[in-house]
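Those letters in the sequence shown? Residues 51 to 199, by the working numbering. Just so you know, even glycine gets a beta-carbon here, dropped at the ideal spot from N, CA and C. Note that the structure is predicted; figures quoted are calculated from it, not measured.
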Amino acid sequence: MSAQVRLVKPSFEYSQLMYNQAMIDPLGEIYKDIKDDEPFFRLVDEFYAGVENDSILRPMYPEELTEAKRHLALFLIQRTGGRTTYSDERGHPRMRGRHMKFSIGTKERDAWLANMSKALDQVPEFEKHRDELWAFFDHFANFMMNRPD
Ligand code: HEM
């Protein structure tokens, strides 16, 4: 909220409106624009193609990546406002908890983000949402870190 807004001592309706506006989550609006699961699966395929050749990340993931791909795609579809199959199948995302069994420091975070950045560049449908998605991935990858360097 800007300093100007705080100075005007808003009426209830106005403050409610500002509250509602503050609640709009730009990431949660992306699916409405994309309207299709397929680009999310393509993004995840590109990301995992990078992981397959990444000497830092590859050893952390299971041999067989089909389920890992599906979970990440469904999570991203849900997080951007699409269907909720991820939580229907997996329950609450608890992402930090789910990542605790992997040792994630700066080098793992940077490797993850580098692969995701390359993947985003390969899927034109996300071009206009790149900034919001990037802010989310960057924030989230930092949040997943669980090992001091
Ligand atoms: C910071 C570095 C990260 C590393 C090293 C990492 C690593 C991993 C690994 C090894 C798995 C397990 C895959 C499997 O066994 O199937 C996993 C699962 C997952 N990761 Fe990450 N991850 C990172 C960041 C992120 C970020 C930023 C996101 C979200 C944008 C994310 C979303 C997921 C999801 C949705 C799953 C599947 C969880 C489930 O089992 O339902 N990860 N991650």
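Query                                                                                                                      : Result
beta-carbon P112 near the ligand HEM non-hydrogen atom, thresh 7 Å                                                         : yes
Distance cut-off 7 Å: E158 Cβ against heavy atoms of the ligand HEM                                                        : yes
beta-carbon R140 near the ligand HEM non-hydrogen atom, thresh 7 Å                                                         : yes
Residue nearest to E200 in terms of C-alpha spacing, selected from T130, Y98 and K168                                      : Since the first residue of the chain shown is 51 and the last is 199, residue 200 is not available in this structure.
Any non-hydrogen atom of the ligand HEM closer than 7 Å to W162 Cβ                                                         : yes
When L107, D87 and F90 are compared against A161, the one with the closest alpha-carbon                                    : L107
Chain-order list of residues whose beta-carbon lies under 7 Å from that of L124 (same chain, five-residue window excluded) : T135 and Y136
Span of the alpha helix (DSSP H) around P112                                                                               : Unbroken run through P112: none, as it is neither H nor E.
Range of the contiguous alpha helix (DSSP H) that encloses V101                                                            : E88 to E102
Any non-hydrogen atom of the ligand HEM closer than 7 Å to L122 Cβ                                                         : yes
Environment of R159 [buried if 16+ CB atoms lie within 10 Å]                                                               : buried
C-beta contact flag for R148 and F193 at 8 Å                                                                               : no
Residue range of the alpha helix (DSSP H) that includes E175                                                               : Segment: none, E175 is in no alpha helix (DSSP H) and carries neither H nor E.
Member of A169, K168 and F176 whose CA lies at the smallest distance from the CA of K85                                    : F176
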